[in-house]
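The structure under discussion appears below in the form of structure tokens.
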RNA sequence: GGGGAGAUACUCAAGCGGCCAACGAGGGCAGACUGUAAAUCUGCUGGUUACACCUUCGCAGGUUCGAAUCCUGCUCUCCCCA
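Structure representation (structure tokens):
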């Protein structure tokens, strides 16, 4: 007997829109449900984490989750939320992306047991479907008028969209139909921008076979300060450790504002209502300890990466933001040093170039490009923002061999949050 | 087709012959405070071999001792009338 999936999402604030009858249908018996992931890059980013969590909850409620990687839909391009026609990815890149995304998704779901998760790729049912078959069997059931009424299409009529993007909703709709017919998939989940596409699917299922089909969408995640969720100056926050190091990943969550932390912990962790309320109380009593942010960051980092990565991220954070000194830095073994500072920008300079020493300005800008120009380095030095091995320095400072840790590397810093490692190669 | 307005640094927006590397606001960065927060206060926000020099105010020329500011042409944008 399944538990109440919809109520679970509701108290977590994860429901934007829901089709009438969905809750009842999901309570009757264990069924299948799916979410599609776009292979637009070779890694998912934390925006997709909402969708992943929805699938996780779906499975926990006793249903069978299907994670669909859009090998076929990726070839078409979803116009939803896009103001311009997209460029198509070539097939090789697409294949590569599909494989990468698949591997990432596999981490989160349980592929064993009665309601084991399943990975599907829509290229498998599209590759043998001919164009004529498609427009006869699928296109015949959905009117152009209906398709044009969708926001994703309507908002593009002024600027234009290709037939390819226009057809997208039919392609995605067919996915739903296919999974509904072959895998007993009765609900499609997704972000709120997917509502239109999902509904085309339920419509197709009803018209083509009279089957039952439902839809649930999650809200777009917003931050209280109005900036985009999941973005930093450096770009997206990725799930791939090669693109966003576990340290940066951990830091992103740790820096969640008080206003957002309570929402995020509901959405991105599996903590129960009781646990979360207790944490909120604790946080309210001692806000400076930032219990919510810490639990949030730890929980997600462990699930996306692993325990080991979390440990390193925490120790890196303690060293960079805690009370540690130059001596603590020097006490780290070389291996620890580099694993702690993985993901921190690095530059290498030859022994010859370093010579007996190097001015701090050259080390920050001229020779390394950590900062855009020597002028900027000077400005920051005057503002007392630059540190060498955690100690503030002034413009006169010259880095000498004595400052090098283990004789070969050194930690430079600008302000509280920017660190750079300079390595002298022998 | 006719008439008018405009194009200034990341964005908005002053300046209309020398005092302009260019007011101000936003954004960004940093300092203080703090909780690696918010709010607040302060400084910075073209480059360099730095009390000077160099490159910048749509593009290309010109006038002048000297122009972002004046003239000519070009490109683009907006508005009004038909």
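In the working numbering, the protein residues as written are 44 to 469. For each residue, glycine too, the CB sits at the ideal point set by N, CA and C.
Return the residue from the list the options that minimises the CA-CA distance to residue i.
i: residue 342; options: 364, 307, 374; result: 307
i: residue 349; options: 147, 47, 101; result: 147
i: residue 319; options: 304, 330, 298, 329; result: 304
i: residue 312; options: 139, 86, 211, 95; result: 95
i: residue 219; options: 206, 207, 198, 242; result: 242
i: residue 231; options: 98, 225, 374; result: 98
i: residue 286; options: 86, 49, 162, 51; result: 86
i: residue 248; options: 268, 221, 314, 267; result: 221
i: residue 13; options: 252, 300, 275; result: As shown, the chain starts at 44 and ends at 469. That puts residue 13 outside it, with no answer to give.
i: residue 83; options: 338, 64, 93, 120; result: 120
i: residue 297; options: 324, 438, 452, 339; result: 339
i: residue 351; options: 272, 53, 288, 322; result: 288
i: residue 157; options: 44, 332, 324; result: 44
i: residue 200; options: 217, 145, 143, 126; result: 126
i: residue 233; options: 258, 357, 217, 211; result: 258
i: residue 174; options: 202, 207, 316; result: 207
Would you kindly report the start and end of the unbroken beta strand (DSSP E) that includes residue i?
i: residue 228; result: 228-234
i: residue 389; result: 389-393
i: residue 82; result: Where residue 82 is concerned, there is no enclosing beta strand (DSSP E), given that its DSSP letter is neither H nor E.
i: residue 288; result: Note, residue 288: premise wrong, no beta strand (DSSP E); not H, not E.
i: residue 112; result: 107-112
i: residue 453; result: 452-457
i: residue 465; result: 461-468
i: residue 267; result: Careful: residue 267 lies outside any beta strand (DSSP E) and carries neither H nor E.
i: residue 430; result: 429-431
i: residue 443; result: 441-443
i: residue 436; result: Note, residue 436: premise wrong, no beta strand (DSSP E); not H, not E.
Write down the C-beta distance between residue i and residue j rounded to the nearest angstrom, noting that I regard them as a contact closer than 8 Å.
i: residue 449; j: residue 378; result: Not confirmed; about 11 Å, so no contact.
i: residue 215; j: residue 244; result: 6 Å
i: residue 213; j: residue 128; result: In fact, because the Cβ distance is near 18 Å, the residues do not count as touching under 8 Å.
i: residue 91; j: residue 80; result: 6 Å
i: residue 394; j: residue 468; result: 6 Å
i: residue 160; j: residue 110; result: 7 Å
i: residue 246; j: residue 68; result: The pair is not a contact, with the Cβ atoms about 17 Å apart (cut-off 8 Å).
i: residue 406; j: residue 465; result: 6 Å
i: residue 387; j: residue 462; result: 5 Å
i: residue 224; j: residue 252; result: 7 Å
i: residue 438; j: residue 424; result: 4 Å
i: residue 65; j: residue 49; result: 6 Å
Can you list, in chain order, the residues of its chain with a C-beta nearer than 7 Å to that of residue i? Leave out the 5 residues immediately preceding and following it.
i: residue 227; result: 74, 75
i: residue 326; result: 334, 335
i: residue 55; result: 309, 310
i: residue 154; result: 160
i: residue 46; result: 104, 105
i: residue 193; result: 212, 239
Alpha helix (DSSP H) containing residue i: first to last residue?
i: residue 406; result: That residue, residue 406, is in no alpha helix (DSSP H); it is neither H nor E in DSSP.
i: residue 319; result: 316-328
i: residue 334; result: 334-347
i: residue 353; result: 350-364
i: residue 242; result: 238-252
i: residue 178; result: 174-180
i: residue 117; result: 116-119
i: residue 95; result: 92-103
i: residue 135; result: 134-149
i: residue 187; result: 187-191
i: residue 423; result: 417-425
i: residue 161; result: Where residue 161 is concerned, there is no enclosing alpha helix (DSSP H), although the beta strand (DSSP E) it sits in stretches over 161-164.
Output needed for residue i: all residues of its chain with C-beta closer than 6 Å, excluding positions within five of it in sequence on either side, in chain order.
i: residue 417; result: 404, 408, 409
i: residue 345; result: 353
i: residue 347; result: 282
i: residue 238; result: 60, 260
i: residue 359; result: 290, 383
i: residue 141; result: 82, 112, 114
i: residue 447; result: 453
i: residue 413; result: 407, 463
Return the chain-ordered list of same chain residues with a C-beta closer than 8 Å to the C-beta of residue i, the five sequence neighbours on each side being excluded.
i: residue 209; result: 122, 190, 196
i: residue 369; result: 432, 433, 434
i: residue 235; result: 59, 60, 260, 261, 262, 263
i: residue 124; result: 195, 236
i: residue 392; result: 401, 410, 411, 465, 466, 467, 468
i: residue 361; result: 367
i: residue 337; result: 297
i: residue 421; result: 404, 438
Looking at the ligand HEM, does it come within less than 7 Å of residue i, judged from the CB to the closest heavy atom?
i: residue 360; result: In terms of ligand content, the structure shown is empty, and the ligand HEM therefore cannot be addressed.
Query raised in the report: Are the region 113-128 and the region 163-173 in contact at 8 Å, needing three or more beta carbon pairs?
Result: yes
Query raised in the report: Counting pairs of Cβ atoms below 8 Å between the region 171-182 and the region 133-141, do you hit three or more?
Result: no
Requested in this report: Could you tell me whether the region 101-108 touches the region 64-84, using the rule of 3 or more Cβ pairs below 8 Å?
Outcome: yes
Query raised in the report: Can we say the region 451-458 touches the region 418-436, given the rule of at least three CB pairs closer than 8 Å?
Result: yes
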